[in-house]
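Residue numbers (this note's numbering): 10 to 516.
Ideal Cβ positions, reconstructed from N, Cα and C, are used throughout, including at glycine.
Note that the structure is predicted; figures quoted are calculated from it, not measured.
Worksheet: one structure, shown below.
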Amino acid sequence: MEEKKTIIRLSHVCKSFEDGVTVVDDFNLDVKEGEFITILGPSGCGKTTTLRMIAGFELPTSGEITLNGEDISMLPPYKRPVNTVFQHYALFPHLDVYDNVAFGLKLKKIPVEVTNRKGEKVIKYKHLDAKTIDAKVSRALQIVDLDEMEDRDVSTLSGGQQQRVAIARAIVNEPKVLLLDEPLSALDHKMRKDMQLELKDMHKKLGITFFYVTHDQEEALTMSDRIIVMKRGLIQQVGTPEDIYNEPVNAFVADFIGESNIYNGTMVGKLKVRFINAVWDAIDDFPLNEKVDIVVRPEDVIIGAPGKGNVDGEISSKIFKGVHYEYIVHVGKNEVLCRDTKDHQVGSKVSLSVEKENIQIMHKELTENEYVDAWINNANQVVIGEDPFPVDVTKLVPGSSLDEQGYVIDAKANKKYDFKDADVVATIGLDKIVLSDDLDSGETKGTIINSVWIGDHYQYIIRTDDDEDFVVNSQYSWNENDLVAIHVEPTDIAIRLKKDLENYEVA
Ligand SMILES: Nc1ncnc2c1ncn2[C@@H]1O[C@H](COP(=O)(O)OP(=O)(O)OP(=O)(O)O)[C@@H](O)[C@H]1O
Ligand SMILES: [Mg+2]
Numbered sequence: 010m011e012e013k014k015t016i017i018r019l020s021h022v023c024k025s026f027e028d029g030v031t032v033v034d035d036f037n038l039d040v041k042e043g044e045f046i047t048i049l050g051p052s053g054c055g056k057t058t059t060l061r062m063i064a065g066f067e068l069p070t071s072g073e074i075t076l077n078g079e080d081i082s083m084l085p086p087y088k089r090p091v092n093t094v095f096q097h098y099a100l101f102p103h104l105d106v107y108d109n110v111a112f113g114l115k116l117k118k119i120p121v122e123v124t125n126r127k128g129e130k131v132i133k134y135k136h137l138d139a140k141t142i143d144a145k146v147s148r149a150l151q152i153v154d155l156d157e158m159e160d161r162d163v164s165t166l167s168g169g170q171q172q173r174v175a176i177a178r179a180i181v182n183e184p185k186v187l188l189l190d191e192p193l194s195a196l197d198h199k200m201r202k203d204m205q206l207e208l209k210d211m212h213k214k215l216g217i218t219f220f221y222v223t224h225d226q227e228e229a230l231t232m233s234d235r236i237i238v239m240k241r242g243l244i245q246q247v248g249t250p251e252d253i254y255n256e257p258v259n260a261f262v263a264d265f266i267g268e269s270n271i272y273n274g275t276m277v278g279k280l281k282v283r284f285i286n287a288v289w290d291a292i293d294d295f296p297l298n299e300k301v302d303i304v305v306r307p308e309d310v311i312i313g314a315p316g317k318g319n320v321d322g323e324i325s326s327k328i329f330k331g332v333h334y335e336y337i338v339h340v341g342k343n344e345v346l347c348r349d350t351k352d353h354q355v356g357s358k359v360s361l362s363v364e365k366e367n368i369q370i371m372h373k374e375l376t377e378n379e380y381v382d383a384w385i386n387n388a389n390q391v392v393i394g395e396d397p398f399p400v401d402v403t404k405l406v407p408g409s410s411l412d413e414q415g416y417v418i419d420a421k422a423n424k425k426y427d428f429k430d431a432d433v434v435a436t437i438g439l440d441k442i443v444l445s446d447d448l449d450s451g452e453t454k455g456t457i458i459n460s461v462w463i464g465d466h467y468q469y470i471i472r473t474d475d476d477e478d479f480v481v482n483s484q485y486s487w488n489e490n491d492l493v494a495i496h497v498e499p500t501d502i503a504i505r506l507k508k509d510l511e512n513y514e515v516a
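So, in structure tokens, the structure goes:
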């Protein structure tokens with residue numbers, strides 16, 4: 010197969026808005042001519058923002074976007090050969106189908122060469138003539154299968170038909186790239202399924218590049234040549250639907266694509282991994298004692314007679330799904346989602362096994378320590394587990410300060426807040442925790458339960474008496490089972506409120 014030409018390239022594209030939060034972070038991607046490419050990710054991960062930068066409605070904060078090798082980062086939208094079908098499309102309710110589609114064309118001017126009165130050839134910008142517009146609109150309506158409905162008022166159309174008008178309106182300009190931002194989100198399930206196939210068909214007929222955005226994994230898997238999975242502005246994985254389904258690079262992707270069982274695991278020997286209270290054979294090699302994420306697809310779990318598999322459990326729920334049953338099997342406190350065409354009774358004891366090639370093992374992605382059950386005590390300290398850590402509570406209100414009684418005063422609005430007992434999420438970077446042998450030198454202490462050498466530093470897991478874990482990157486060497494003090498500078502603890510700020514306002 011010949012290598013297709015790159016039509017759009019995003020290089021190191023970043024976007025942050027006025028509030029300084031980076032919503033698209035170092036986005037790099039080559040889109041091939043004629044490709045159907047999809048960005049998939051949860052709400053707020055930056056999908057629309059990425060699309061808007063390609064369309065030109067938003068400018069990148071840094072980085073470059075090229076189209077056929079030419080930098081278009083700074084071109085206004087109407088000069089880019091791309092068209093967008095928006096997440097919330099708006100048709101003109103007072104115009105019929107034909108006029109909705111023809112609207113843009115009627116305003117458009119194209120360069121034509123004419124001879125002026127001095128006999129010189131000059132370029133003039135002229136409107137398209139009625140015949141040309143007619144031909145273009147007819148073709149667009151044919152592609153979306155609405156050619157019989159030209160004269161219908163758009164307000165009398167069904168949701169799916171309106172959606173098609175919106176698509177016709179975008180393709181009538183013959184763009185090189187069609188950007189589609191969740192175009193089917195307003196439709197019911199059945200109509201969505203139909204439209205997915207129709208869109209795929211349109212893509213084939215038009216032969217242009219489709220850049221699609223959705224948060225629906227099934228939609229992405231059925232329609233796309235390639236999928237980009239995004240999380241909080243960062244690309245997690247780019248690949249074909251099969252790649253992404255079968256070989257997710259981390260637990261986030263696995264969880265987002267299809268139903269999965271995801272567990273914490275530990276490597277306990279060569280090609281041996283321990284999870285859900287059992288040791289399993291594996292085909293991926295990771296260092297001994299490394300903490301890993303395990304993914305097992307429900308369809309890969311084999312249910313057998315008790316004692317005959319790798320681990321025993323008990324069926325705790327059962328749903329009939331047409332071709333198969335879906336079971337939840339409890340193994341200790343772990344749940345395993347399984348599919349089986351055989352009928353088992355709820356409450357029955359079974360065994361579970363999984364072929365070793367169906368156990369996906371991935372590096373654990375630890376970027377920070379997160380404590381979701383932290384709270385602020387009456388000394389404005391953050392309590393993690395049972396241990397108070399000094400922290401800067403004025404960070405909860407930008408630009409604020411503390412008064413003598415410990416209230417936080419908002420400098421601008423002069424509002425007063427009381428954060429005592431406030432529930433917060435505290436996060437601490439792996440590099441921000443200082444360990445020491447001097448057990449009185451920290452806010453708490455704990456035992457090193459795991460240590461791994463990662464390329465150029467150690468990563469330790471330290472567990473405190475109240476069962477909180479601190480994951481720490483360090484240059485210094487300690488042994489497992491050593492007792493160490495844990496210290497964090499107040500400025501290195503990030504806190505965010507679980508409830509809205511106004512809940513803490515005092516008169
Ligand atoms: N003009 C703006 N000013 C400030 N923040 C913005 C602006 N536009 C978007 N954001 C923020 O950027 C983040 C990404 O938004 P975006 O619309 O790209 O998400 P999305 O992935 O399309 O989500 P959804 O699936 O809900 O449509 C969000 O946190 C959003 O609040
Ligand atoms: Mg969006």
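Between which residues of its own chain and residue i is the CB-CB distance below 8 Å, once the five residues before and five after are set aside?
i    : result
R348 : P307, E308, V310, K330, H333, Y334, E335, Y336
V22  : V33, D35, F36, N37, T59, M62, P69, S71, G72, E73, I74
Y467 : S460, V461, N482, S483, Q484, Y485, S486, W487
D197 : G168
Whole angstroms is fine: what's the gap from residue i's alpha carbon to residue j's?
i    : j    : result
D491 : P296 : 21 Å
K425 : A516 : 7 Å
T249 : V40  : 13 Å
T141 : K117 : 12 Å
P102 : N92  : 21 Å
K342 : I324 : 13 Å
P192 : F95  : 7 Å
V262 : I244 : 10 Å
S483 : T500 : 19 Å
D154 : Q171 : 12 Å
P257 : H339 : 25 Å
I237 : Q205 : 18 Å
V121 : L100 : 30 Å
K358 : L280 : 28 Å
E542 : A179 : Outside the shown range of the chain (10 to 516) lies residue 542, about which nothing can therefore be said.
E477 : G313 : 37 Å
D440 : E379 : 13 Å
T5   : R283 : Limits of the chain in this structure are 10 at one end and 516 at the other, which puts residue 5 out of reach.
M239 : Y272 : 22 Å
For residue i, which three-state DSSP category applies?
i    : result
E228 : helix
K199 : helix
Y485 : coil
T500 : helix
L215 : helix
R235 : strand
R306 : coil
P250 : helix
Y98  : coil
Q414 : coil
F398 : strand
N77  : coil
E477 : coil
E42  : coil
E122 : strand
Pull up the CB-CB distance for residue i and residue j, whole angstroms please, since I reckon it's below 8 Å.
i    : j    : result
V106 : V181 : Rounded, the Cβ-Cβ distance is 12 Å, inconsistent with contact.
I292 : K365 : 5 Å
I285 : V345 : 7 Å
K185 : T218 : 7 Å
I152 : K214 : 6 Å
Y221 : F45  : 7 Å
If we cut at 8 Å on Cβ distances, does residue i have a partner in chain D?
i    : result
K404 : This model lacks chain D altogether; it includes just one protein chain.
Report all residues from its chain with a CB closer than 7 Å to the CB of residue i; omit the five preceding and five following residues, and keep chain order.
i    : result
K373 : K300, V301, D302
G451 : S445, A494, I495, H496
N298 : T275, M276, N459, V461
V433 : A383, W384, I385, V391, I504, R505, L506, K507
V381 : V434
G415 : N389
Enumerate in chain order the residues of its own chain whose CB-to-CB distance from residue i is below 6 Å, with the five nearest sequence positions on each side excluded.
i    : result
L166 : none
D475 : G394, E395
G53  : none
I81  : I74, R89
K209 : M232
V355 : I324, K327
S362 : I311, G318, N319
- Item | Any heavy atom of ligand 2 within less than 7 Å of residue CB: hits in chain order | For ligand 2, the residues with a Cβ under 7 Å from any of its heavy atoms are, in chain order, K56, T57, Q96, D190, E191, V222.
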